[in-house]
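Okay, structure first, notes after.
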Amino acid sequence: MAKKPIIGITMGDPAGNGSEISVKALADSSVYERCRPIIIGDANCMEKAVKILGKENEIKIHAVQDVKEAIFEFGTIDVYDMKLVDMEKHMYGKVSKMCGEAAFQYVVKVIDLAMKNEIDATVTNAICKEAINMAGHHYSGHTEIYADYTHTNKYTMMLAHDDLRVVHVSTHVSLRQACDKVKKERVLECIRIANNACKAIGIQEPKIGVAGLNPHCGENGMFGVEEIEEIQPAINEAMEEGINIPEKKPTPPDSIFSKAIGGWYDIVVAMYHDQGHIPLKVEGFKYNKDLKKWDAVSGINVTLGIPIIRVSVDHGTGFDLAGTGECNQISLVNSIDYAIRLAENR
1 MAKKPIIGIT MGDPAGNGSE ISVKALADSS VYERCRPIII GDANCMEKAV
51 KILGKENEIK IHAVQDVKEA IFEFGTIDVY DMKLVDMEKH MYGKVSKMCG
101 EAAFQYVVKV IDLAMKNEID ATVTNAICKE AINMAGHHYS GHTEIYADYT
151 HTNKYTMMLA HDDLRVVHVS THVSLRQACD KVKKERVLEC IRIANNACKA
201 IGIQEPKIGV AGLNPHCGEN GMFGVEEIEE IQPAINEAME EGINIPEKKP
251 TPPDSIFSKA IGGWYDIVVA MYHDQGHIPL KVEGFKYNKD LKKWDAVSGI
301 NVTLGIPIIR VSVDHGTGFD LAGTGECNQI SLVNSIDYAI RLAENR
């Protein structure tokens, strides 16, 4: 047991789906065969989720105030109990200052535990950006919180679904700002981070695909010059460092992801948020139009460049389904799997 990595999992926004999908994920005994999971959240919220899912006879909640108090046994979910939620005021699906404050503090605590080496990796359930800002914490997402609290300046996110992996030159900025952020040094930095990320999960000789920004990669300057002035110089320098970029030039955004799925690349460097997110979610999110429900909501998000391991679900708080027991845990299971893989390789 002592050799299995300890994975700290934040509960996410208490009004959202995090508590339910955490119970569903940890109701699988195979998780405990590979790691030692502990939820960072509120024990009362987790107990409520157990009841909603009808698992009172299968799952017990064990509240702790120290990681050393956790027992890490299947059938018992250890919860680092932050005691931040007033259950009399708790409502699923409602944006609130209380839940925003709680969700934010769960993240701060899991970062602190990882920085102190009390846990080996962190996994985050979804937060509500409106709620944490309502609570006075002005961050655009998890990535920025992690960067701030780990004192990291150079970082990016990686999305993954099966063998499709993407890192981003920019994320939570307007599209107009995103174009301005396509600069040689940032593109080069992301190529390096992408290369190191692949090695961190055991890919010894990564193949990197670099997307263009403009249609047809600018068509030699007709539709934009970013490929000529910023992206190609970054590719050239990366290749001089020994990084393998098979096409040796930017690849048109409308074909690069199909190539990646086909095995041409181990990872793609996307130029902005939606360029990378859309193909990942088309692959990972499967809606059953006949049954009118999601068959799968899979895919994960890894923050790269920070000194600790952070993997996250690649979906939102699910306010519309929270409290119904119908939330899908696949993305959380995938996130735990990735966190274990990263911790073991580290």
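For the sequence shown, full-length UniProt numbering gives the first residue as 1, with consecutive numbering after it. Note that the Cβ used here is the ideal one computed from N, Cα and C, for glycine as well.
- Here the C-alpha atom of Asn-244 lies approximately 39 Å from the C-alpha atom of Asn-288.
- Cβ neighbours of Ala-260 within its own chain (closer than 7 Å, five residues either side excluded): Leu-164, Gly-209, Val-268.
- Secondary structure at Tyr-287: strand, using DSSP grouped into helix, strand and coil.
- Assignment of His-90 by DSSP, reduced to helix, strand and coil, places it in the coil class.
- Our two residues, Ala-200 and Asp-81, have alpha carbons roughly 32 Å apart in a direct line.
- As computed with DSSP, Ile-7 is found in a beta bridge with Pro-37, Ala-121.
- If the five residues before and after Met-134 are omitted, its C-beta is found closer than 8 Å to the C-beta atoms of Val-95, Ser-96, Lys-97, Gly-100, all from its own chain and listed in chain order.
- For Cys-128, the closest C-alpha among the options Asp-320, Arg-346, Asn-334 is that of Asp-320.
- Pairing Arg-36 with Ile-6 gives a Cβ-Cβ distance under 9 Å.
- Ile-191 and Glu-240 have their alpha carbons spaced roughly 12 Å apart.
- Counting only the Cα atoms, Ile-9 lies some 20 Å from Lys-55.
- Per DSSP, Ile-208 is one residue of the beta strand (DSSP E) stretching across 208–210.
- Assigned with DSSP and collapsed to three states, Val-110 falls in helix.
- Taking each of Asp-162, Thr-143, Ala-160 in turn and checking the Cα distance to Asn-153, the smallest one comes out for Thr-143.
- Bridge partners of Ser-312 according to DSSP: Thr-124, Asn-301.
- For the options Val-110, His-161, Ile-40, Ala-43, the alpha carbon positioned closest to that of Phe-257 is the one of His-161.
- Rounded to whole angstroms, the separation of the alpha carbons of Ile-21 and Met-11 is 9 Å.
- Put simply, the backbone Cα of His-216 is about 40 Å away from that of Asn-17.
- At least 9 Å separates the beta-carbon of Tyr-92 from that of Ala-197.
- Taking the C-beta atoms as reference points, Ile-119 is found no nearer than 9 Å to Ile-39.
- Val-333 is positioned such that its CB atom lies no closer than 9 Å to that of Asp-13.
- In the structure shown, Met-157 falls within a strand segment according to DSSP collapsed to helix, strand and coil.
- Thr-76: not part of any alpha helix (DSSP H); member of the beta strand (DSSP E) spanning 76–81, first to last residue.
- Cα atoms of Val-50 and Phe-285: separation of roughly 26 Å, rounded to the nearest angstrom.
- DSSP lists no bridge partner for Arg-346.
- Just so you know, the alpha carbons of Thr-303 and Ser-312 end up roughly 8 Å apart.
- Under DSSP, Ala-63 shares a beta bridge with Val-79.
- Secondary structure of Asp-295 (DSSP, three-state): strand.
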